[in-house]
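Shown next, in structure tokens, is the structure this report addresses.
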Amino acid sequence: MLILPEAMIASLVSPEDAFRAVTDCFVAMARDEAHNFPVVREALGGGRQYGFKSGLDRTGAMLGVKAGGYFPGNAAKGLINHQSSVFLFDPETGRPQAMVGGNLLTALRTAAASAISIDRLANPDARVLGIVGAGHQAGFQLSAAARVRRFERVIAWNLHPEMLPKLGAVAAELGLPFEAVDLPRLREADVIITITSSPAASLMAAHVSSGTHLACMGTDTKGKQEVDPALVAAARVFTDEVAQSISIGETQHAIAAGTLDASAITPLGDVLIGRDPGRRSIDEITLFDGTGVGLQDLAVAAVAVALARKRGVGVDVNV
Ligand code: NAD
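Under the working numbering, the first residue of the sequence shown is numbered 58, with each subsequent residue one higher.
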């Protein structure tokens, strides 16, 4: 079994690798060659959450699980609040193959999913990127989005405005002008990424112009919510996996309110394989509900393992 500690991941997996791996994963899901197992998520008390995301991808011969969660006291200890590890197993024998640090991989695979949705669903001439959120994931989201459209500027809102300068620094690194704005000014954006841990909607229908693509990435648990359910109901909705979207994703609220039917939600993989046309007009609002599936985690972990084996790095142990 190969052990790849967290510190090794940055030198192994690039955002481009993650984009390719997550694209392949969504394609395999659309072709019914890969499926996610039901998510387990439990509250540990004190705001801590722990859970498992797992699945089997027959095309890539990947079987495994990501174990991890949210530990809100970590930031004060100089640690990232989200902590996870990915375990890969041989799908034929069940023997363990690898244990891979999952923190950076989670950020890369989440940003990749969002970028794939922008690449496929945003209007081609999108110029203004809006971001709601400025936590750990936000910078990864911004960088990945900038790879798929020629944005000219970035506008952002965060409930805690003191967090915005860090996101502004990421924009500056990319050479993009950055401005902190109030929510109504997000109407200037052609693409909006939401990436918060909010329990109630911040982005309302009045804050979004026609033709905008929304990548809603923060809601990955029951009870979280970033977007006005009226906006969700008015948009053409895409997701990584419909079952996760309606149970733990952003659409859970519109589904519960009866304003959206699960049959109206399209897996992004269907767009990737040409089964669905994606955006149908420059004026419609498209919304990608990125809930984060276990197969994404296995896909990027498998890339890390393949590259590590090629370069002869990592810790090999007999188990
Ligand atoms: P973080 O803790 O670093 O940042 C949290 C963000 O949410 C900050 O911008 C904060 O200001 C904002 N926020 C907190 N409370 C809020 C409230 N009441 N209203 C509005 N905004 C609020 O978290 P992170 O690592 O950046 O992750 C952000 C979210 O993305 C989390 O909910 C996380 O679970 C989720 N996430 C989703 C995926 C996926 O695949 N979809 C993957 C990783 C993380």
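All C-beta atoms, glycine included, are put in the ideal place defined by N, C-alpha and C.
For this session: Kindly say whether G104, judged by its beta-carbon, lies nearer than 8 Å to any beta-carbon of chain B.
Result: In summary, chain B is missing from the structure at hand, where a single protein chain is found.
For this session: Check A201 in the structure and name its three-state DSSP category.
Result: helix
Problem set entry | S320, DSSP secondary structure in three states | helix
Exercise. For the stretch 181-252, which segments carrying the alpha helix (DSSP H) assignment without a break, of at least 4 residues, lie completely within its bounds, in sequence order?
Worked result: 193-203, 221-230
Problem set entry | Cβ-Cβ separation, D297 to F83 (assumed contact under 8 Å), whole Å | 7 Å
For this session: Please report the residue range of the alpha helix (DSSP H) in which A365 lies.
Result: 351-368
Exercise. Is it right to say G315 is buried, meaning 16 or more other beta carbons lie within 10 angstroms of its own, or is it exposed?
Worked result: exposed
Exercise. Between V122, Q106, L145, which lies nearest to N131 when the distance is taken from Cα to Cα?
Worked result: Q106
For this session: Classify T150 as buried or exposed, calling it buried when 16 or more other Cβ atoms lie within 10 Å of its own Cβ.
Result: exposed
Problem set entry | Any non-hydrogen atom of ligand 1 within 7 Å of N93 CB | no
For this session: Report the partner residues of Q282 according to the DSSP bridge assignment.
Result: According to DSSP, Q282 bridges with nothing at all.
Exercise. Thinking C-beta only, is V189 closer than 8 Å to A259?
Worked result: The sequence given here has Ser at residue 259, not Ala. Going by C-beta atoms, S259 is nearer than 8 Å to V189.
For this session: Give the DSSP-derived three-state secondary structure of D89 in the structure shown.
Result: coil
Exercise. So does the stretch 198-214 actually touch the stretch 230-249, counting three or more Cβ pairs closer than 8 Å?
Worked result: yes
For this session: Count the CB pairs spanning the stretch 326-341 and the stretch 274-289 that are closer than 8 Å, and state whether there are at least three.
Result: no
For this session: Taking only the alpha-carbon atoms, compute the straight-line gap between L233 and L221 and give it to the nearest angstrom.
Result: 14 Å
Problem set entry | Identified DSSP bridge partners for F146 | L120, P153
For this session: Taking V294 and T308 to be in contact with their CB atoms under 8 Å, please state how far apart those CB atoms are, rounded to whole angstroms.
Result: 6 Å
Exercise. Going by the beta-carbon positions, is the gap between A358 and L161 smaller than 8 Å?
Worked result: no
Exercise. Would you report the Cα separation of T80 and H264, rounded to the nearest angstrom?
Worked result: 30 Å
For this session: Report the option in A287, I312, K223 whose CA atom is closest to the CA atom of V299.
Result: I312
For this session: Report the option in Q140, E99, H92, N138 whose CA atom is closest to the CA atom of L120.
Result: H92
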